[in-house]
Each structure stands twice: as structure tokens, then as C-alpha cells.
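Take a look at the structure set out below.
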Amino acid sequence: MLFARLVLIGCLIAPATAQAATLVYAGTLIADPSKAARGPSTVVVEGGRIEAVEDGFRSPGEGDEVIDLRDRTILPGLIDAHVHLTGDHDDPFYQGFIDTDEYAVAVGLKNAELTLEAGFTTVRDLGGAPEAVFAVGRAIEEEMHPGPRLVAAGTAVSIIGGHGDMTGVRPEIVELGGDNTCTGPVQCAERVREFSRAGADVIKIAATGGVLSQQGRGLGAHFTPEEMEAIVATARSLGLKVAAHAHGARGVEAAVRAGVSSIEHGTFIDDAGIEAMRQRGSYYVPTLLAFRGIEEQLGTGIYTPVVEKKIRQVISHTGAGLRAAYAAGVPIAYGTDAGVFAHGRNGEEAAMMVELSGLPPRAVLESATVNAADLLGIADETGTIEPGKAADLIAVDGDPMEDITALERIRFVMARGRAHDLPSAAE
Numbered sequence: 001m002l003f004a005r006l007v008l009i010g011c012l013i014a015p016a017t018a019q020a021a022t023l024v025y026a027g028t029l030i031a032d033p034s035k036a037a038r039g040p041s042t043v044v045v046e047g048g049r050i051e052a053v054e055d056g057f058r059s060p061g062e063g064d065e066v067i068d069l070r071d072r073t074i075l076p077g078l079i080d081a082h083v084h085l086t087g088d089h090d091d092p093f094y095q096g097f098i099d100t101d102e103y104a105v106a107v108g109l110k111n112a113e114l115t116l117e118a119g120f121t122t123v124r125d126l127g128g129a130p131e132a133v134f135a136v137g138r139a140i141e142e143e144m145h146p147g148p149r150l151v152a153a154g155t156a157v158s159i160i161g162g163h164g165d166m167t168g169v170r171p172e173i174v175e176l177g178g179d180n181t182c183t184g185p186v187q188c189a190e191r192v193r194e195f196s197r198a199g200a201d202v203i204k205i206a207a208t209g210g211v212l213s214q215q216g217r218g219l220g221a222h223f224t225p226e227e228m229e230a231i232v233a234t235a236r237s238l239g240l241k242v243a244a245h246a247h248g249a250r251g252v253e254a255a256v257r258a259g260v261s262s263i264e265h266g267t268f269i270d271d272a273g274i275e276a277m278r279q280r281g282s283y284y285v286p287t288l289l290a291f292r293g294i295e296e297q298l299g300t301g302i303y304t305p306v307v308e309k310k311i312r313q314v315i316s317h318t319g320a321g322l323r324a325a326y327a328a329g330v331p332i333a334y335g336t337d338a339g340v341f342a343h344g345r346n347g348e349e350a351a352m353m354v355e356l357s358g359l360p361p362r363a364v365l366e367s368a369t370v371n372a373a374d375l376l377g378i379a380d381e382t383g384t385i386e387p388g389k390a391a392d393l394i395a396v397d398g399d400p401m402e403d404i405t406a407l408e409r410i411r412f413v414m415a416r417g418r419a420h421d422l423p424s425a426a427e
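For the sequence shown, UniProt numbering begins at 1 and goes up steadily by one.
Encoded structure:
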């Protein structure tokens, strides 16, 4: 009996067998785009998280896996702060009247994988049928399907007849869109509480008219200041941030003064709006690629005449707001509006930010990593490559600090410690 007890005690105090690790070798490591790059390095991954980041190439231990990317540059997984996973760019405007939520889930999972393969390990989805979007996020989180980490809004809060509401259709069809509109501060606060109850991670509002909606009431401000203040205050009380779709200058300024965390698009932003954003630290999410996407489809029959008219109003302003906002010191977070163009093209936004708005490549990389992580409230989880964070890594050829188009040629993706096979991996 004494021998048996000693054996048991010995088993309890004996050191545990070391867990096998994945060693990712990097020729160059951009662990934090706001800091200098490192030379040859090893990222040690265990249990889906970064255990260590070491200079040089660590010799593997027994059972360790080595991913040899010594001829490539490794950087944090990219973050797209504005996508619509459950829709496709070539869907006609009435597609949502036809498709079921179940079909939207299938579309969302397809597009989630395309987005992951483009190097985006986190996205914020700012518009889609709530049940479908949240189901996509759950399937990814539970590792049922590959895709990026998903921060989702569900449906946007809108005014009656405004962007995000259904206009020009029969009342029965309007009802299919759900109850996402509000009038007055009390009802707007109620909508936020309902969306929070449904599972929203963030609240989106349509602070102005929009380009792709069928309403032809312009791109100016929608909500009253009191309504927006009620939305923001209620969201904050529930621990949620608010993202504001906004094109017109006064709508942008009003949303910022109400306290939103980000302005999406900001097409006609002026000095007053920029100064308000700078003072309050609101993020600017440019979505330049959306403007390229809609211009590519002009005249194809996808858009109705009322929408084509609005497209022609906005495309000549592409990049101007971002240029002014960046020059003024407004924080920038990378966002593309994927779904307005084909999913998987998300990386093209980076070159547009450089070419049209004059951002240096380092600022673009910061916008797609540390800045976007801060905006989404997940900076403790991702955005940089450092011990304790999720193992969200991508690899590219060359130096994206010099050639930002490298982000369009992703050679390796790891999301939360799981390497994803890329279609081009054999090339």
C-alpha cells in the first residue's frame, strides 16, 4: 500500500510531457506594423495561440511541426472592418426578397473561406440577415467551417424609407426585411436593445442615405441628433460600439458628434467632420474598393436607374475623404465593403489607399492590423504577433512596406493556430 501511494505521488509531481508546438520560420517578421521589422525569426504556436516569438530559427523538439517560410515575410492576419459575407456583388437588388436565411448561410460560409484565403483572419460584418450572419460566425468559431473571426452587426438601424429600409416595393415585401427602423429616441433605443438581445457584436446605423438602396432621397443626414445620441448611449450601456454608414457631410459630422466609433465611407466629409473625428478619436473606414466595384458594374443591368444616378455622384470623390482624414491625423481602419465587389478581392483596397489617398504602406498595414483590432475591441486577441495572442498569421513574398500589392498575393494563412490550405499553394 505504501509503495502504491508513493507511485501515485510521484505521478502527480512528475513534470508533464511538453506539448508539441508548431514552429513557424519567418525570413522577415513584421510582428507589429507600427514598429521595425525583425529578421529571421520563429513564431512558436501552441494550442492556437502564440507561445513565443524568437530571433533565429529554433530547432524543433520531439513532435514539433515546422512550417518553413524562411523565404517569405510573415505579418499579422489582416482585418477587414467592413464586409457583407452573406451577399454577392452580382446579386440583383431583389435577391434578398427571394433567398432564405438558410441559403444565405451557405453563401456566407462560401465567402468566409474566400476571405480567409485572401489573408483576412478577422472581419466585421456590417449588414446581413441576423440569423444567417450569426450562424456563419458560430460555425467558424466552432471550427465547423474555415473562415475569419467574425464580429457581426446583423441588420442596420435605419429610418423609415431610408437606406437600410425597403422602398418602392409592396408592403408585404417590406415586412420581410424585419423591424429595423425607428422614429424618435425611445424607439431607436429599443431597436438597439433588440439587436443586442439577438446577438449583435456591434450596432450599425445608416446615418445618411446610401448608394445601393432603392430610395432616391439623396445622401444627406437621416436621423435626428437626438435619435443618434439615444442609439449610441444605449449601445454603450450594453458594451457595444456603433458604426455609422455615412456619405453626406452633415450626416458624417452629426454621427461623430453623437459618439459613433467609426464612419463608414465618409464620401463627402468636409473640414468640420474631419475636425470632429480628430477630436473624438473616431475611426475612418474608407471602403475605396466598393467604389471600384460599383463602377465596374455600371451599365451591366445589375443596378436600377436610381442607383446608377447615385453611383455617378460618388465615384468622382473616391479617395478624397481618406486623403484629408489621414492628413489631419484621424485614425484609419481598413475596410472594403466586400460583397459590393467579389469576395476575396479584399487586399486590393491597400493599393488604392496608397495610390488614391497617398497613405504610406506602413500606415495601410497599421490600418489593417493594430488599428482595426483596436476599433473592433479585440486588440488583446489579435492585430500583432506577440505571446498570448491568437496565432493569426499570413505570409507574403517580398516586403509589403515597400510594395503594398504584396497583400494581393497571399502565400500562407494561419487563423487561430490552424493553417489553411490555399488554392494556389501548389503553384
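Glycine included, each C-beta is placed from N, C-alpha and C at the ideal position. These figures come from a predicted structure and were not determined experimentally.
Nearest candidate by alpha-carbon position, reference residue i, set the options
i              : options                        : result
aspartate 64   : Val44, Leu78, Ile74, Glu54     : Val44
asparagine 180 : Gly218, His145, Pro130, Val211 : Pro130
arginine 416   : Arg72, Leu116, Gln19           : Leu116
histidine 222  : Leu109, Val307, Ala246, Ile30  : Ala246
threonine 100  : Val133, Gln214, Gly161, Glu408 : Val133
leucine 279    : Pro33, Asp271, Gly339          : Looking at the sequence shown, residue 279 is not leucine but glutamine. Closest option to glutamine 279, Cα to Cα, is Asp271.
isoleucine 294 : Gly199, Ala391, Asp91          : Asp91
glycine 335    : Ala243, Leu298, Glu381         : Ala243
lysine 389     : Ile79, Asp165, Glu51, Thr183   : Glu51
leucine 114    : Phe268, Gly339, Ala249, Met228 : Gly339
aspartate 165  : Gly358, Leu238, Gly96          : Gly96
glutamate 355  : Pro305, Leu289, Ser282, Leu150 : Leu289
glutamate 194  : Leu238, Ala406, Ala37, His343  : Leu238
leucine 393    : Leu359, Leu29, Lys310          : Leu29
threonine 287  : Ile160, Ala255, Gly347, Arg257 : Gly347
Buried or exposed (CB count within 10 angstroms, at least 16 for buried), residue i
i              : result
valine 186     : exposed
alanine 235    : buried
cysteine 11    : Only weak support exists for where cysteine 11 lies, its pLDDT of 41 falling under 50; the value from the coordinates is given anyway. The residue is exposed, with fewer than 16 neighbouring Cβ atoms inside 10 Å.
alanine 81     : buried
methionine 414 : buried
alanine 327    : exposed
alanine 391    : buried
arginine 312   : exposed
residue 428    : This structure does not reach residue 428, given that the chain is present from 1 up to 427, and the question cannot be answered.
arginine 21    : Checking the sequence shown, residue 21 turns out to be alanine, not arginine. Classification for alanine 21: buried.
CA-to-CA distance, residue j to residue i, given in whole angstroms
i              : j                 : result
glutamate 102  : valine 136        : 10 angstroms
methionine 144 : glycine 329       : 41 angstroms
glycine 273    : valine 252        : 6 angstroms
arginine 345   : glycine 216       : 29 angstroms
arginine 49    : alanine 379       : 14 angstroms
threonine 224  : phenylalanine 120 : 36 angstroms
glutamate 142  : isoleucine 98     : 29 angstroms
histidine 420  : phenylalanine 412 : 7 angstroms
arginine 418   : isoleucine 203    : 30 angstroms
serine 158     : lysine 241        : 16 angstroms
threonine 86   : leucine 109       : 8 angstroms
alanine 426    : alanine 118       : Bear in mind that the predicted position of alanine 426 carries a pLDDT of just 39, short of 50, making it too unreliable to give a figure here.
glycine 299    : glycine 56        : 54 angstroms
aspartate 337  : glutamate 62      : 45 angstroms
isoleucine 332 : methionine 353    : 11 angstroms
threonine 17   : proline 60        : Low confidence applies here, because threonine 17 scores a pLDDT of 49, under 50, leaving its location unreliable and the question unanswered by this model.
leucine 126    : leucine 75        : 25 angstroms
isoleucine 315 : leucine 23        : 46 angstroms
serine 262     : arginine 58       : 41 angstroms
serine 213     : histidine 163     : 6 angstroms
glutamine 19   : aspartate 88      : 42 angstroms
arginine 257   : glycine 220       : 16 angstroms
Beta carbon of residue i nearer than 8 angstroms to that of residue j
i              : j                 : result
valine 123     : proline 148       : yes
alanine 395    : leucine 69        : yes
histidine 84   : glycine 154       : no
glutamate 386  : alanine 31        : yes
valine 53      : serine 41         : yes
leucine 422    : isoleucine 410    : yes
aspartate 399  : arginine 72       : no
proline 361    : glutamate 408     : no
glycine 266    : tyrosine 284      : yes
residue 429    : phenylalanine 291 : Nothing about residue 429 can be reported from this structure: the residues present for the chain run from 1 to 427 only.
residue 437    : alanine 206       : What the structure shows of the chain is the stretch from 1 to 427, and residue 437 is not part of that stretch, so it cannot be assessed.
threonine 382  : glycine 47        : no
alanine 350    : valine 370        : no
alanine 152    : alanine 106       : no
valine 232     : valine 307        : no
isoleucine 140 : leucine 376       : no
tyrosine 94    : isoleucine 67     : no
glycine 161    : threonine 208     : no
glycine 281    : glutamate 227     : no
Whole beta strand (DSSP E) elements within the segment 252-284, 3-residue minimum: Here the runs fully enclosed are 262-265.
Can you give, in chain order, each stretch of the beta strand (DSSP E) that sits fully within the segment 130-197 and has at least 3 residues? The beta strand (DSSP E) runs of length 3 or more contained entirely in the segment 130-197 are, from start to end of the chain, 149-152.
Taking only runs of the beta strand (DSSP E) that begin and end inside the segment 2-87, which ones reach a length of at least 3 residues, in chain order? Taking only runs of at least 3 residues, the beta strand (DSSP E) segments lying wholly in the segment 2-87 are 22-29, 41-46, 49-55, 65-76, 78-83.
Report the residue ranges of all alpha helix (DSSP H) runs contained in full by the segment 271-353; include only those spanning at least 4 residues, in chain order. 271-280, 288-296, 305-314, 320-327
Jot down the residue ranges of each uninterrupted alpha helix (DSSP H) in the segment 368-392, minimum 4 residues, whole runs only, in chain order. DSSP runs (the alpha helix (DSSP H)) wholly in the segment 368-392: 370-376.
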